[in-house]
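Worksheet: the structure to be examined is printed underneath.
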Amino acid sequence: MDQRLERIQLPALRERVVSAQQAASWITDGMAIGLSGFTRAGDAKAVPNALVERGEKAPFRIDVYSGASLGCGIDGRFAQSGIVRKRVPYQSDSLMRASINSGEVQFVDHHLSQTAEWVRGGVTGPLDFAIIEALGISEDGLLIPTTSVGNSMVFAHHADQLIIEINTAQPMELEGIHDCYEPEALGMRQPIPLVSPRDRIGTKGIPIDPAKVKGIVWNDQPDSPSPIEPPDADTNIMAGHLLDFLRGEVQAGRLSEKLPPIQSGVGSVANAVLHGLIDSEFEGLELYSEVLQDAVFDLLDSGKASFASASAITLSADYMERIYRNFSHYRDRLVLRPQEISNHPEIIRRLGLLSINTALEFDMYGNVNSTHVAGTKMMNGIGGSGDFGRNAQLAIFVTKSTAKNGRISCVVPFASHIDHTEHDVDVLVTEYGFADIRNLAPRERAEQIIANCVHPDYRPQLQDYFNRAMAQGGHTPHILSEALSWHELYTREGTMIKKAQ
Ligand code: COA
């Protein structure tokens with residue numbers, strides 16, 4: 113017997129093994145599919161690749177829903193082949209980004225906690241297929257996910273049919289780290305019984321209806337590594353500012369020495385800032401996040417963190433090799449949940465999270481842009497930053513003060529797109545310092561932000577704008593004809609630095 117069949121413990125399902133090409137042939141023009149995968153982890157790989165190959169020969173278009181970004185170049189191949197009409201709710205691939213920005217792909221940038229509600233409530237329309245990567249299927253009919261849970265549960269429950277990709281390259285030690293819980297429909301919902309990051313409230317896998325399983329496909333491709341950059345001098349300084357802020361909160365008695373559970377966002381900057389906690393005095397840290405990047409494993413190794421809950425594990429190449437070689441060392445300190453639970457506003461508020469996410473830019477009143485370059489071009493998407501920012505005890509946004517070798521100021525008069533309004537933002541951090549804007553009126557906020565966060569090359573021109581805006585009056589003073597002039601200047605001249613008059 114093919115040894116791999118042991119991973120399918122429901123004997124009746126063993127007869128449903130098909131090739132990726134055959135499974136892909138069931139997906140036809142106009143369908144909508146839900147794919148497993150969250151920040152390049154646990155994505156279905158074989159069937160999406162087979163779909164692309166078919167689409168390159170005979171064009172068709174489908175709508176693609178996922179947990180978050182897909183790895184292994186799948187979003188890029190989707191974009192190149194032109195088979196995707198609509199993409200929801202997050203992506204981070206440069207080719208997909210180009211197709212979104214050219215208008216070829218209709219991208220719906222959605223809070224990651226909320227897509228499950230849309231699927232359950234019928235807003236997305238019916239999903240024809242869910243294609244979910246799994247370690248295997250247990251004898252009690254549970255689909256055991258791999259390195260992410262994402263939206264897999266809601267897709268498996270609500271799609272018309274199910275294709276399962278069993279990935280033999282994923283370590284079997286992953287079994288047991290998942291906690292799969294789906295809330296009741298709206299209107300009948302009970303409180304979600306999770307009061308600590310360590311709580312387990314669901315099942316170790318996703319209960320499936322065997323009758324809905326149309327096919328099972330083998331897959332032996334590992335997740336693709338994350339491309340994050342290691343910490344650098346600036347991010348180390350930013351981590352220092354964050355620690356200073358936290359120490360001040362402890363001294364003021366607003367936080368205890370055991371910090372609240374921490375959420376840390378995607379990307380190099382958030383990873384590096386989280387890494388800074390290793391050399392701090394804070395102990396016994398717990399993470400309640402959506403994605404666990406490299407720094408979380410360093411915190412676990414150093415003994416600084418004792419537990420981490422998320423929806424996915426996304427590691428750079430070196431970490432992936434090291435962590436999965438020795439995964440049994442970590443598994444009792446980890447849990448992976450559906451993204452509607454990892455990012456659920458009710459739980460984020462209850463746990464009083466300390467939330468750290470990265471901004472592309474923010475303005476002098478504290479509005480944050482996480483998604484749009486110069487107000488128009490989509491970068492990745494809002495991801496979970498809004499789920500956490502709006503509901504955390506402390507919504508902290510970090511960014512380097514400049515981008516593109518100093519030609520862009522990441523602190524501007526008016527954010528060119530606003531994902532997190534001034535009402536949702538508590539603390540802003542750059543390598544020049546932090547601005548604690550809680551309980552401050554707009555004019556007070558601007559003073560703090562200009563004094564503490566702006567790069568010195570841009571500080572005089574932002575102060576000058578603020579002075580002239582204040583002279584015109586208003587609760588939130590602006591000169592509307594000039595508010596976006598820094599972005600216009602960059603588009604025209606390749607720098608936001610204004611020439612002296
Ligand atoms: N204008 C234009 N480009 C900017 C910019 C600005 N104000 N600020 C940064 N950039 C560019 C950088 O130059 C870099 O470009 P490159 O890829 O060509 O080198 C790119 O944006 C990424 O910036 P980087 O400094 O490397 O940050 P990062 O890897 O930490 O990513 C975000 C930052 C904002 C793109 C990323 O965190 C994100 O997509 N966030 C939204 C989702 C989110 O926050 N989820 C959190 C819940 S997990």
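The sequence shown stops at residue 613 when you use this note's numbering, and every number in between is there.
Backbone N, C-alpha and C fix where the C-beta goes; we use that ideal spot for every residue, glycine too.
Since we're looking at a predicted model, the values are computed, not measured.
query                                                                                                           : result
C-alpha gap between Ser-614 and Ile-374, whole angstroms                                                        : This structure cannot speak to residue 614, because the chain is shown only from 113 to 613.
Beta carbon of Leu-466 nearer than 8 Å to that of Ala-504                                                       : yes
Where the beta strand (DSSP E) containing Arg-461 begins and where it ends                                      : Not the beta strand (DSSP E): Arg-461 falls in the alpha helix (DSSP H), residues 457-463.
DSSP beta-bridge partners of Lys-610                                                                            : In the DSSP output, where bridge partners are listed per residue, Lys-610 has none listed.
Inter-residue Cα distance where the pair is Ser-127 and Ile-244                                                 : Contrary to the premise, residue 127 reads as Glu rather than Ser in this sequence. One C-alpha to the other measures close to 18 Å.
Test item: CB-CB of Arg-557 and Met-582 under 8 Å                                                               : no
Nearest residue (CA-CA) to Cys-184, options Glu-168, Gln-203 and Gly-464                                        : Gln-203
Near the ligand COA: Gly-518 beta-carbon under 7 Å from a heavy atom                                            : no
Alpha carbon of Asn-517 to alpha carbon of Ala-345, nearest angstrom                                            : 15 Å
Closer than 7 Å: Phe-500 CB and nearest the ligand COA heavy atom                                               : yes
C-beta neighbour in chain D for Asn-579, strict 8 Å                                                             : The structure shown contains no chain D; it is built from a single protein chain.
Between the CA atoms of Gly-253 and Gln-273 - distance to the nearest angstrom                                  : 16 Å
Cβ shell of Tyr-577 (< 6 Å), same chain only, five flanking positions each side left out                        : Pro-525
Glu-216 classed as buried or exposed, judged by whether at least 16 other C-beta atoms fall within 10 angstroms : exposed
Every unbroken beta strand (DSSP E) within the region 413-483, with a cutoff of 3 residues, ordered by chain    : 417-422, 446-448, 466-470 and 473-475
Beta-bridge pairing of Met-490 - partner residues as DSSP gives them                                            : His-484
Contact set for Gly-496: own chain, Cβ-Cβ below 6 Å, skip 5 residues either direction                           : Leu-224, Glu-402 and Asn-455
Opposing strand residues paired with Leu-621 [DSSP bridges]                                                     : A question about residue 621 goes unanswered here, because the residues of the chain that appear run from 113 up to 613.
Close Cβ partners of Met-350 (< 7 Å) along its chain, the five nearest in sequence each way excluded            : Val-385, Val-510, Val-541, Thr-542 and Glu-543
Residue from Gly-142, Ala-612 and Val-159 whose Cα sits closest to the Cα of Val-129                            : Val-159
Distance CB(Gly-493)-CB(Asp-221) smaller than 8 Å                                                               : yes
Gly-498 versus Thr-588 - alpha carbon distance                                                                  : 23 Å
Presumed contact (8 Å Cβ cut-off) between Ala-424 and Thr-151, rounded CB distance                              : 5 Å
Closest Cα partner of Pro-283 within the set Thr-236, Arg-119 and Arg-445                                       : Arg-119
Candidates Val-447, Leu-404, Gly-314 and Glu-534, of which the one nearest Tyr-477 by Cα                        : Glu-534
The alpha helix (DSSP H) enclosing Phe-500, as first and last residue numbers                                   : 497-503
C-beta atoms of Pro-337 and Ala-429 nearer than 8 Å                                                             : yes
Span of the beta strand (DSSP E), counted from its first residue to its last, around Arg-197                    : 196-200
Cβ pair Thr-315, Leu-286 closer than 8 Å                                                                        : no
Simplified DSSP state of Gln-273, which is helix, strand or coil                                                : strand
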